[in-house]
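Worksheet: one structure, shown below.
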Amino acid sequence: MNTVIRKTILALVIPVIIITIWFYTTTYMAIPKGILPTIPDVGQTFLEMLKSGQLESDIAVSISRVLKGYCISIVLGVTLGSLIGMYRPMKELFVPIITVIRQIPMIAWIPLIILWCGIGEVSKVVIIVLVAFFQILVNTQSGIESTPKGYIEVARLYKLGKWKTFIKVYLPHAIPQILVGLRLGLGGSWMAVVAAELIAATSGIGYRMSSARSNMQSNVVIVCMIVVGLVGVLMDRGIGVLFTALTPWIRIENENRKEG
Amino acid sequence: MGEIKQIPKKYIINVEHLNKQFIVDKQPMEVLRNITLQIEKGEFVTIVGHSGCGKSTLLKIMCGLVGYEDGTVERNGHAVVGPGPRCGMVFQDHRLLPWLKIKDNVGFGLGHLSKEERAEQVQKHIDMVGLHGFENSYPSQLSGGMSQRAAIARGLANNPTILLLDEPFGALDALTRIQMQKEILRIQQEQGTTMVMVTHDIDEAIVLGNRIVVMSARPGEIKEIISVSEAARRRNSEDFNYVKKKIYGYLFVDSEDDYEEQYPIEYQI
Chain X
900 MNTVIRKTIL ALVIPVIIIT IWFYTTTYMA IPKGILPTIP DVGQTFLEML KSGQLESDIA
960 VSISRVLKGY CISIVLGVTL GSLIGMYRPM KELFVPIITV IRQIPMIAWI PLIILWCGIG
1020 EVSKVVIIVL VAFFQILVNT QSGIESTPKG YIEVARLYKL GKWKTFIKVY LPHAIPQILV
1080 GLRLGLGGSW MAVVAAELIA ATSGIGYRMS SARSNMQSNV VIVCMIVVGL VGVLMDRGIG
1140 VLFTALTPWI RIENENRKEG
Chain Y
94 MGEIKQIPKK YIINVEHLNK QFIVDKQPME VLRNITLQIE KGEFVTIVGH SGCGKSTLLK
154 IMCGLVGYED GTVERNGHAV VGPGPRCGMV FQDHRLLPWL KIKDNVGFGL GHLSKEERAE
214 QVQKHIDMVG LHGFENSYPS QLSGGMSQRA AIARGLANNP TILLLDEPFG ALDALTRIQM
274 QKEILRIQQE QGTTMVMVTH DIDEAIVLGN RIVVMSARPG EIKEIISVSE AARRRNSEDF
334 NYVKKKIYGY LFVDSEDDYE EQYPIEYQI
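Those protein sequences? They're chains X and Y, same order as listed.
For what it's worth, my numbering labels the leading residue of the first sequence as 900, then goes sequentially.
For what it's worth, my numbering labels the leading residue of the second sequence as 94, then goes sequentially.
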């Protein structure tokens, strides 16, 4: 219990400092409202946006884009990652080009994607796939690849076919690592969709920020930023819950380690 | 691998003139040379030799995990072309899958059975190795000895005619090892399963084996096959020490003197 209190207090120190500085500067210094709004102003804007339903619909648009791109990335990333992890020729065929493509920052893709796909839904989904796919792929590959030979030998001993060996040995061994990829991929997707919407979009939470900036509504910008951060944290927690549910043996191993 | 010869049924394993090479750095390396060994039903055969003498390779060839090009290897009267359900195997690192509960690990090779039959076989073998109550544990919750018990249960779960054990107790502490040796003897006598165990522990080889196959260092050749009487299987009996000295003599040609220092003269025959 003591550690919980200590952790909470320590975690709150820096936010409290930031809010204090914010409060001080907006109250006692002549900062224009369009640059930095007051704290009550931001709170009020948040409630207004919530009441009008604008905030919810903006988030819903952005999240649905993430989900579309993310689901495509999972299917492609886990499939290709598994094939690359299990078959040497696949690795030699794909890994060099993937390594090169991964060096290109996500932002650098945006001009080409806008040229090819416009600024509609497709371009956002493509950007998300580009970000999440590689994260999931690389982690799946490394999880599959590192399956101990001894376990594969056990599968051979019991004459499991390729598919069954994959389902019963490779995949469970790789799951913790795949979940790391899913976590990084989801975080990356969320950042990417906001960035893409900031640059070129007609809807979504990023678009809301961009249009608020051109109207000097810094209060709206800050509300959107806070919401983006919170949604990101919730998504990350969601994957954490999934991790615990899918890998009960990891939890037990960790408990043993602590006791031992 | 040649035509299937008609051999007496009593041989569970029949190896004749087996040679095996590995290619290491593009150079052929001879691992096994002219191995001939017959194993009869119900026997417990132990194989001793230095590390790297190819004894584990021999075991893997018997169960079909490693191929061979030269010679005859037959299991239950048929040329070995790959693993089969009639041949179980236990490895030194128990190789239980960490994501499966003990009951699922034991039932790993029983996918062909119905759910009920499978559960029954699993329970029977878990009870046999004395792991009752640990069905729903994960391997990480078991000690080394218990993990090896589970691995033995998995190896025996589909009632194989032969169980091959590759240094199964090598990683265990001395006390647990002796206890596990007693357990495996009990199981062997209860089930009548033919067993072949590779070990580098000479005492273990004598206590467990009806016959001991002594192998030379690389390339592995059979130097001698020693039959062990019931009397010699009792630790520290005169016969035991006699057999032990004999094996020492084969394995350490130059170090007989060391042996005599270690073991008093009255034990030698």
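Don't be surprised by glycine CBs; every beta carbon is placed ideally from N, CA and C.
Considering only C-alpha positions, which residue in the set the options is nearest to residue i?
i: I1018(X); options: V1093(X), M1108(X), M948(X) and T1101(X); result: T1101(X)
i: N303(Y); options: V173(Y), R326(Y) and R270(Y); result: R326(Y)
i: V108(Y); options: D118(Y), P121(Y) and G157(Y); result: G157(Y)
i: I1003(X); options: K950(X), G933(X) and I1026(X); result: I1026(X)
i: I1009(X); options: I997(X), Q1076(X), V1024(X) and Q943(X); result: V1024(X)
i: W921(X); options: F1065(X), L911(X), G1086(X) and P936(X); result: P936(X)
i: L193(Y); options: V222(Y), G177(Y) and L235(Y); result: L235(Y)
i: V1079(X); options: T924(X), V977(X), Q953(X) and I997(X); result: V977(X)
i: I280(Y); options: T292(Y), D294(Y), E228(Y) and N252(Y); result: N252(Y)
i: G147(Y); options: R211(Y), D163(Y), V138(Y) and I128(Y); result: I128(Y)
i: A959(X); options: W1089(X), S1109(X), F1142(X) and S1110(X); result: W1089(X)
i: Q943(X); options: V1119(X), L1145(X) and I1149(X); result: V1119(X)
i: I340(Y); options: G313(Y), D294(Y), Q120(Y) and A324(Y); result: D294(Y)
i: L1145(X); options: L1070(X), L1097(X) and L966(X); result: L1070(X)
i: L125(Y); options: Y161(Y), E133(Y) and D118(Y); result: Y161(Y)
i: Y104(Y); options: T150(Y), K113(Y), M155(Y) and S149(Y); result: M155(Y)
i: L1179(X); options: K1061(X), I1098(X), Y927(X) and T998(X); result: The structure shown does not extend to residue 1179(X), since chain X spans only 900 to 1159, so no value can be given for it.
i: A1054(X); options: G223(Y), G181(Y) and S320(Y); result: G181(Y)
i: G1042(X); options: L1059(X), T907(X) and L1081(X); result: L1081(X)
i: I1149(X); options: P1075(X), I1125(X), M1124(X) and V1132(X); result: P1075(X)
Alpha carbon to alpha carbon, what distance is there between residue j and residue i?
i: D259(Y); j: L1129(X); result: 55 Å
i: R1112(X); j: K1067(X); result: 52 Å
i: S322(Y); j: I277(Y); result: 18 Å
i: R311(Y); j: E123(Y); result: 7 Å
i: G984(X); j: K990(X); result: 7 Å
i: H187(Y); j: R964(X); result: 47 Å
i: L189(Y); j: F201(Y); result: 10 Å
i: N1114(X); j: G1086(X); result: 29 Å
i: H171(Y); j: T139(Y); result: 23 Å
i: E359(Y); j: N1155(X); result: With a pLDDT of 48 at E359(Y), under the threshold of 50, the modelled position of that residue is not reliable, and the figure given next carries that caveat. Rounded to the nearest angstrom, the two C-alpha atoms are 50 Å apart.
i: I106(Y); j: P232(Y); result: 32 Å
i: I100(Y); j: F184(Y); result: Confidence at I100(Y) is low in this model, with a pLDDT of 48, below 50, so its placement is unreliable and the value that follows should be read with caution. Taking the straight line from one Cα to the other gives about 29 Å.
i: I917(X); j: I1000(X); result: 39 Å
i: A910(X); j: G1139(X); result: 20 Å
i: L992(X); j: Q120(Y); result: 29 Å
i: L111(Y); j: T1046(X); result: 32 Å
i: S972(X); j: I1077(X); result: 12 Å
i: Q274(Y); j: L301(Y); result: 7 Å
i: R132(Y); j: N169(Y); result: The amino acid occupying residue 132(Y) in the given sequence is Ile; Arg does not appear at that position. Cα to Cα, the separation comes out at about 10 Å.
i: G263(Y); j: T292(Y); result: 7 Å
i: Q361(Y); j: V166(Y); result: Because Q361(Y) sits at a pLDDT of 42, beneath the cut-off of 50, its placement in the model cannot be relied upon, and the point is left open.
i: Q1040(X); j: K1048(X); result: 15 Å
i: T907(X); j: N901(X); result: 10 Å
i: N1153(X); j: V141(Y); result: 38 Å
i: L979(X); j: P914(X); result: 42 Å
Taking only three categories from DSSP, how would you classify residue i?
i: P1147(X); result: helix
i: C156(Y); result: helix
i: G313(Y); result: strand
i: T292(Y); result: strand
i: C180(Y); result: strand
i: Q114(Y); result: strand
i: S230(Y); result: coil
i: H218(Y); result: helix
i: D259(Y); result: strand
i: E308(Y); result: Reading off the sequence, residue 308(Y) comes out as Met, not Glu. Strand, per DSSP.
i: Y1057(X); result: coil
i: F1033(X); result: helix
i: N303(Y); result: coil
i: N252(Y); result: coil
Kindly list the residues whose CB is nearer than 8 Å to the CB of residue i, restricted to its own chain and excluding five residues on each side of it in sequence; keep chain order.
i: Y1050(X); result: V1068 and H1072
i: F1065(X); result: S981 and M985
i: L949(X); result: E955
Here's a check: name, in chain order, each residue in its chain whose Cβ is nearer than 6 Å to the Cβ of residue i, leaving out the five neighbours to either side.
i: V1093(X); result: G1105 and V1127
i: M1005(X); result: V1030 and A1091
i: S309(Y); result: K316
i: L1083(X); result: Q1034
Beta-carbon within less than 7 Å of residue i's beta-carbon, same chain only, minus the 5 sequence neighbours each way: which residues are those?
i: H39(Y); result: Here chain Y covers residues 94 to 362 and nothing more, so residue 39(Y) does not appear.
i: P357(Y); result: Residue confidence is low: P357(Y) scores 48 on pLDDT, short of 50, so the model does not pin down where it sits. Its coordinate-derived value is still stated next. Once the five neighbours on either side are set aside, P357(Y) has no close Cβ partner at all.
i: F1122(X); result: Note that residue 1122(X) corresponds to Val in the displayed sequence, not to Phe. If we look at V1122(X) and ignore the five residues flanking it on each side, its Cβ neighbours are V941, T944, F945 and M948.
### Within 7 Å of chain Y by C-beta, residues of the region 905 to 927 of chain X in sequence order
none
### Query
Going along the chain, which residues of the region 178 to 189 of chain Y sit with their C-beta nearer than 7 Å to a C-beta in chain X?
M182, F184, D186 and R188
### Members of the region 190 to 219 of chain Y that neighbour chain X once the beta carbon cut-off is set at 7 Å
L190, P191, W192, F201 and G202
### Query
Taking a cut of 9 Å between CB atoms, which residues from the region 219 to 243 of chain Y lie near chain X?
Within the region 219 to 243 of chain Y, the qualifying residues are S230, Y231, P232, S233 and Q234.
### Message
Can you pull out the residues from the region 155 to 168 of chain Y whose beta carbon lies closer than 8 Å to at least one beta carbon of chain X?
### Response
Taking 8 Å as the Cβ-Cβ cut-off against chain X, the residues of the region 155 to 168 of chain Y that qualify are C156 and L158.
### Query
When you check each C-beta in the region 1048 to 1068 of chain X against every C-beta of chain Y, which residues fall closer than 9 Å?
G1049, Y1050, E1052, V1053, A1054, R1055, L1056, Y1057, K1058, L1059, K1063, K1067 and V1068
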